[in-house]
Amino acid sequence: MWSRRGARPAIGVSRPRMSTEPAIGHASTLVTQEMDSGGPTPVGRRLTDWRIRRGLGVAGLATRAGVPGQLIEDLEAGEEWVDQGRVLSSLAAGLRLDPAELTGQPYMPCGPGHSTVHSVGWFARRHLARMLSADGVGGEADEIRLAELVDGVRAAADDGELASAAQMVPGLLEVIGPPRPGNTDRGVAALRAVAHVAVSRLLRRLGYRDLAWSLLSYACPPPEARPAVLGEEVWLLLDMGQAELAVARTVRGEADVPDEVLLPLAVAHAALGQEAESERLLASAQEKAISARQRAQVASAWAFAAAEGAAYDDVLTRAEGATCLPAGDRSTLLVLTASARARLGQYGAAVEDLAAAESLAPLHTRLDPLARELVSVLPARAQEHAEVLGGIAARLGMK
């Protein structure tokens, strides 16, 4: 279940110093350490710190997390990295943590674009506070303006232009306003729900998962918008390390799985090791796919499901069919294929995929925890690409 296909190179890696104080979850405490030569990855370093804080030995954590002790030792020594949601979730559960406390999200902003996106959290909190206030009831929303802003945020996010999307969020939240009593127009209600999904998606990408969940709870979707909200809820629960809850959420009161939910649900089943059900859902999604973009989305989800099973050859094969993805999703897939190539010993190609991902959607890639894992492990494996990797690390704020 926890296999890692592909041999690791025989390199000398020193053990990390065993700190008695934890790095409390955020990159601000680790940015000067994460690129130490031969050291553990960001997840590996936090794993060591939190294991010590919890008073657990390797064997004790292995038992609680249900993972091999050797995997924990390799992560803490910098010989391994985390590229499977099930591994991250199991380690976090064993330490009684949110997965974000192992990845370090939300990351300390590095650069003006990142700072702009980071501010979405503040605007979302203010919006939620206004929703709870007694004087929060206002007039009816401008449907045309709301539609324009929703489309703008979604398009920018899809294109990987997260800073542009973030700049539209304050205006979007103002137009959404608080819930309106009485019979609100269903078209406006559907737009409000989709707007909540768009902002929650940005918050999830930043690592503000609890905040994203709170915002989704106010979506109040009419039936036609419920699938979009449910799909984002499943992705969010997956990022929270709650694959079982993600599956349970989709079957509660749902006679048929909506098309928008098929792909995240398939990845959730893969994360639980339920490969047959994952394959069934992906095959169903493939049958329903009409456009080239929809077929590419299915291929991408299939690649992520394959990664959960450590089927790295299959990851690369599936990714070949996902060429029509928007820039944001394409960059995420390229980071995944970079990890798959590294697992297969194709280190130069792994660096190329990682660099291509950053070139395609720079900020989108810099917010990806797996990209940070790879920037930590690839220098020792692809020394001829040290300059490229060092540049990426600097832009991530890791050097």
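Going by my numbering, the sequence shown opens with residue 1202, and the numbers climb by one from there.
All residues carry an ideal CB built from backbone N, CA and C; glycine is no exception.
First and last residue of the alpha helix (DSSP H) that includes residue i?
i, result
"M1369", "1363-1377"
"G1592", "1587-1596"
"A1523", "Per DSSP, A1523 belongs to no alpha helix (DSSP H) and is neither H nor E."
"A1507", "1493-1509"
"A1490", "Counting along the chain, A1490 falls outside any alpha helix (DSSP H), and DSSP gives it neither H nor E."
"G1279", "Run containing G1279: none; DSSP gives neither H nor E here."
"V1458", "It is not in any alpha helix (DSSP H) - V1458 carries neither H nor E in the DSSP assignment."
"Y1548", "1548-1561"
"S1577", "1570-1582"
"D1359", "1344-1359"
"V1170", "Since the first residue of the chain shown is 1202 and the last is 1600, residue 1170 is not available in this structure."
"A1447", "1444-1452"
"A1543", "1528-1544"
"P1428", "1427-1440"
Tell me whether residue i sits in a helix, a strand or coil according to DSSP, three-state version.
i, result
"Y1409", "coil"
"M1332", "helix"
"R1255", "coil"
"Y1419", "coil"
"A1512", "coil"
"Q1271", "helix"
"L1303", "helix"
"D1386", "coil"
"S1320", "coil"
"L1473", "coil"
"T1566", "helix"
"P1313", "helix"
Pull up the distance between the alpha-carbon of residue i and that of residue j, whole angstroms please.
i, j, result
"L1537", "L1350", "31 angstroms"
"A1583", "A1506", "27 angstroms"
"E1485", "L1463", "It is worth fixing the name first, because residue 1485 is Ser in this sequence and not Glu. Answer to the nearest angstrom: the Cα atoms are 8 angstroms apart."
"D1284", "A1508", "8 angstroms"
"L1439", "L1262", "22 angstroms"
"S1560", "D1386", "43 angstroms"
"A1394", "R1450", "18 angstroms"
"I1225", "M1309", "With a pLDDT of 40 at I1225, under the threshold of 50, the predicted position of this residue should be treated as unreliable, and no value is reported."
"E1302", "E1344", "39 angstroms"
"L1575", "E1362", "22 angstroms"
"L1431", "Q1443", "15 angstroms"
"M1332", "R1410", "19 angstroms"
"V1452", "S1479", "15 angstroms"
"T1288", "R1427", "The question names Thr, yet the displayed sequence has Val at residue 1288. Distance between the alpha carbons of V1288 and R1427 is about 30 angstroms."
"R1573", "T1242", "8 angstroms"
"S1290", "P1422", "29 angstroms"
"G1337", "D1514", "A caution first: G1337 carries a pLDDT of 49, below 50, which makes its placement in the model unreliable, though a value can still be read off. Each residue's Cα considered, the two are about 53 angstroms apart."
"Y1548", "A1342", "52 angstroms"
"A1399", "R1355", "6 angstroms"
"G1546", "M1369", "42 angstroms"
"T1264", "K1600", "35 angstroms"
"S1415", "L1329", "8 angstroms"
"L1555", "R1406", "18 angstroms"
"P1300", "A1293", "5 angstroms"
"L1412", "H1319", "13 angstroms"
"V1578", "V1268", "21 angstroms"
"G1474", "G1372", "42 angstroms"
"V1259", "G1286", "20 angstroms"
Thinking C-alpha only, which one of the options is nearest residue i?
i, options, result
"R1596", "E1302, H1315, D1299", "H1315"
"A1511", "L1403, A1541, A1366", "A1541"
"W1498", "R1481, A1477, V1268, G1522", "Note that residue 1498 is Gln in the sequence shown, not Trp. Nearest C-alpha to Q1498: G1522."
"L1296", "W1251, H1328, R1326, A1278", "W1251"
"Q1306", "A1348, G1245, G1408", "G1408"
"A1390", "S1401, D1554, A1399, I1377", "I1377"
"V1504", "K1489, S1492, P1527, L1483", "According to the sequence as given, residue 1504 is Ala; it is not Val. Among K1489, S1492, P1527, L1483, the Cα nearest to that of A1504 belongs to L1483."
"W1282", "D1299, A1266, T1304, A1294", "T1304"
"E1280", "A1420, R1544, S1501, L1466", "R1544"
"E1425", "L1473, L1412, L1392", "L1392"
With 8 angstroms as the threshold, decide whether the Cβ of residue i is near any Cβ in chain B.
i, result
"L1407", "The question asks about chain B, but that chain is absent: this structure has only one protein chain."
Does the ligand FMN have a heavy atom nearer than 7 angstroms to the CB of residue i?
i, result
"C1421", "What this structure holds is no ligand at all, so the ligand FMN is not there to describe."
Should the segment 1263-1274 be called in touch with the segment 1558-1570, which here means at least 3 C-beta pairs below 8 angstroms? Contact between the segment 1263-1274 and the segment 1558-1570 is not established, with fewer than three Cβ pairs separated by less than 8 angstroms.
Counting Cβ pairs, one atom from each stretch, are 3 or more of them under 8 angstroms apart for the segment 1427-1439 and the segment 1350-1360? By the Cβ test, the segment 1427-1439 is not in contact with the segment 1350-1360, since fewer than three Cβ pairs between them sit closer than 8 angstroms.
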